[in-house]
Amino acid sequence: MDERELIARVRAGDGAAERALYDAHVDRVYRLAYRLAGDDELARELTQDTFVRAFERLASFRGESKLSTWLHAVATSVVLNGLRKAKRFRQRETDLDEATGISGGPPPAEPDLKRRLAQAIDRLPKGYRIVFVMHDVEGYTHEEIGAALGIETGTSKAQLSRARGKLREALADFAGEWVS
Amino acid sequence: MTGDRFERLLRDAAQDYHRPPETPREEMWRRIVGARARRRQHMLVQRRWLHWGLGITAVLALGIGIGRWTARGPQGTETTAGRVPNEPGNLAYRVAAAQYLSRTEALLTGFRTEARPSAPDAQFAAQARDLLTTTRLMLDSPAARDGRLKALLEDLELVLAQIAQLPAGGDKEDVQLITQGLDERSVLLRLRTAIPAGPGPVRMQGAL
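For the record, the sequence lines run as chains A and B.
Quick note: the first sequence uses my numbering, first residue -11, plus one each step.
Quick note: the second sequence uses my numbering, first residue 91, plus one each step.
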């Protein structure tokens, strides 16, 4: 079944076609949601919201781009909005933890490279982090990132370059070990 | 270390950043199907209420217009106040008003029995908002000349406004206040008394 036929059948309310569309794209959507959220339950919710919204809005899909491009634009929008809400919620929880003095213990004394890298990625400005995760971790092209985030391809490239630069700075002490 | 080598190491290490588990396809699909079914149901209910609300509002507006026109004599003098003139021109108004009272009673009965203090259904708030417009029209209609009915309509307006403003997450105290107000002012009892008895659209008993 080609993409156009699949879309037509989904629009006509064909349940099997809906499932086929879901099966074709769910892995990539879930992986991106998980990579950006870092939380399984939140990633599941964001993936579900993406498909609920996509099925509702498929009637407005005009076919000017590939279905996967359109779907990932929907996914990115849902994920970023979801993360904003989750961040506000977590901030309230953190405030409460600090107020009641039950925050976690001291950080590990000797974090390894992956832990340090994860921390450095988390500290990147939001735009840099999203582009870095999409490109270097999940393998999206700059064209796909541009379409999903509504930015120019050049902007995506520039943000990736700045993200890498910041990570390089954050991990400068490790660079010495790798050289030796 | 060359830049290229660092980039490769960075990219390899980054693969472990929030590494996703296997996609829980079936569980998410079940939830998607459930969520879509709930949304469809919600939209159907909203659409049904919207159609009803628009219809009643239109008929009431027409009825009020006819009522005001027929309430004036040839010299522009008011007829006897307090009763809706029992003329064929008021039929539409009577039907709409009877339906309004029945719908309001159904909503308040449902709210009283079904609204859980921790999570009142958002559907009640949506229905209350629809009925508020009609309540305002009723208060401007000949029905408001009847003192008892006017007092009832004013109580209904207050209760409906309270339900319409209930937050989505629900508030236990708000729900308790509303049901307490319903009981203290015997709103449901007065409402049931005001609803015309008997089958069919033209009920001539009750307050109307």
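Built from N, CA and C at the ideal position, the CB exists for glycine as well.
Query, Result
"Touch check for the stretch 119 to 129 of chain A and the stretch 145 to 156 of chain A: three-plus C-beta pairs under 8 Å?", "yes"
"Given that W43 of chain A touches chain B, what residues does it touch there, using C-beta distances under 7 Å?", "The identity of residue 43 of chain A in the sequence shown is Phe, whereas the question assumes Trp. What F43 of chain A touches in chain B: R126."
"Can you tell me whether E263 of chain B is buried or exposed, with buried defined as 16 or more other CB within 10 angstroms of its CB?", "exposed"
"Give the C-beta separation of Q136 of chain B and A216 of chain B to the nearest angstrom, bearing in mind that I take them to be a contact with Cβ-Cβ under 8 Å.", "6 Å"
"Assuming contact is defined by CB atoms lying nearer than 8 Å, are T113 of chain B and D37 of chain A in contact in what I supplied?", "no"
"Specify the secondary structure class of H108 of chain B as computed by DSSP and reduced to three states.", "coil"
"Using CA coordinates, which residue listed in B:I122, B:D106, B:L99, B:R101 is at the minimum distance from G3 of chain A?", "B:I122"
"What residues of chain A sit near F201 of chain B, judged by a beta carbon separation below 8 Å?", "By Cβ distance, chain A contributes nothing, its closest Cβ being about 28 Å from F201 of chain B, past 8 Å."
"In this structure, does DSSP put V292 of chain B in helix, strand or coil?", "The predicted model places V292 of chain B with a pLDDT of 45, which falls under 50 and marks its position as unreliable; any figure quoted below should be read in that light. Three-state result, V292 of chain B: coil."
"Taking the alpha-carbon of T194 of chain B as reference, which of B:L243, B:A103, B:T269 has the nearest alpha-carbon?", "B:L243"
"Can you tell me where the alpha helix (DSSP H) holding A251 of chain B begins and where it ends?", "237 to 254"
"Taking the alpha carbon of R(-3) of chain A as the point to measure from, which residue in A:L30, A:F43, A:E33 has its own alpha carbon closest?", "A:F43"
"Any contact of the stretch 245 to 255 of chain B with the stretch 215 to 231 of chain B, i.e. 3+ C-beta pairs under 8 Å?", "yes"
"Classify S144 of chain A: buried if its beta carbon has 16 or more other beta carbons within 10 angstroms, exposed otherwise.", "buried"
"Since D236 of chain B contacts R275 of chain B with CB under 8 Å, what's their CB separation in whole angstroms?", "Going by Cβ atoms, the distance from D236 of chain B to R275 of chain B rounds to 17 Å, so no, they are not a contact pair."
"Quick check: what's the CA-CA separation for L134 of chain B versus A186 of chain B?", "22 Å"
"Less than 8 Å between the C-beta atoms of V67 of chain A and L101 of chain A, yes or no?", "no"
"Please report the distance separating the alpha-carbon of T57 of chain A from that of Y22 of chain A.", "19 Å"
"Between the Cα of R220 of chain A and the Cα atoms of B:L229, B:A104, B:F96, B:E97, which residue gives the shortest distance?", "Residue 220 of chain A is absent from the structure shown; chain A starts at -11 and stops at 168."
"Which of the residues in the stretch 110 to 136 of chain B, read from start to end, lie with their CB under 8 Å from any CB of chain A?", "P110, P111, T113, P114, R115, E117, M118, W119, R121, I122, A125, R126, R129"
"Along chain A, which residues have their Cβ under 7 Å away from the Cβ of H108 of chain B?", "Y22, R23, G26"
"Spatial neighbours of L281 of chain B within its chain, please: CB distance less than 8 Å, with the 5 preceding and 5 following residues excluded, ordered by chain position.", "L191, T194, E195, L198, L242, L246"
"Identify, in the order they occur along the chain, each residue of the same chain with its Cβ nearer than 6 Å to the Cβ of R45 of chain A, setting aside the five sequence neighbours on each side.", "none"
"CB Y18 of chain A to CB A31 of chain A, shorter than 8 Å?", "yes"
"Is it true that the CB of T147 of chain B sits closer than 8 Å to the CB of T224 of chain B?", "yes"
"State the Cα-Cα distance for the pair L239 of chain B and L140 of chain B, rounded to the nearest angstrom.", "25 Å"
"Are L150 of chain B and M228 of chain B touching if we call contact CB-CB under 8 Å?", "yes"
"If we define contact as Cβ-Cβ less than 8 Å, is A146 of chain A a contact residue for chain C?", "Included in the structure are the protein chains A and B, with no chain C among them."
"Tell whether a beta-carbon distance below 8 Å holds between L137 of chain A and I118 of chain A.", "yes"
"My assumption, with CB atoms under 8 Å, is that V40 of chain A sits in contact with A125 of chain B. Please give the rounded CB distance.", "5 Å"
"Mind checking L279 of chain B: buried by the 16 CB within 10 Å criterion, or exposed?", "exposed"
"Could you spell out where the alpha helix (DSSP H) holding G153 of chain A opens and where it closes?", "141 to 158"
"Does the beta carbon of I133 of chain A sit closer than 8 Å to a beta carbon anywhere in chain B?", "no"
"Roughly how many whole angstroms lie between the Cα atoms of K114 of chain A and H130 of chain A?", "17 Å"
"Excluding the 5 residues preceding and the 5 following S48 of chain A in the sequence, name in chain order all residues of the same chain whose CB lies nearer than 7 Å to its CB.", "none"
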